[in-house]
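In this note's numbering, the protein residues as written are 3 to 103.
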């Protein structure tokens, strides 16, 4: 995958400009209102017999911010499953938004 970052433009921005751009980014979780997280659920998918079969897991190499990894690891064993669950819930929410268009 090629790097699409315009490093020269980024280096030319002031810290205030970077902060302004970040605050206007709707995908920046730091700009989300607290009520946007009201329905957030962190947990493992159900294991009951009526639940659809889970997709097979696929090993990948991914890089995460160190504080994010530390947060999930602080919960003990199963931190990768918890990270997967958060990503799955986000995916399901996004797919639900697209279906509701």
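Cβ coordinates follow ideal geometry from the N, Cα and C atoms, glycine included.
Since we're looking at a predicted model, the values are computed, not measured.
- The Cβ atoms of residue 90 and residue 74 do not sit closer than 8 Å to each other.
- Look at residue 7 here: in three-state DSSP terms it is coil, with no helix or strand label.
- For residue 37, there is no enclosing alpha helix (DSSP H), as DSSP marks it with neither H nor E.
- Shown here for residue 100: not one same chain residue has a beta carbon closer than 7 Å to its own, the five before and five after excluded.
- No residue range can be given for residue 59, since it is assigned to no alpha helix (DSSP H) and is classified by DSSP as neither H nor E.
- Going by C-alpha positions, residue 25 is about 17 Å away from residue 39.
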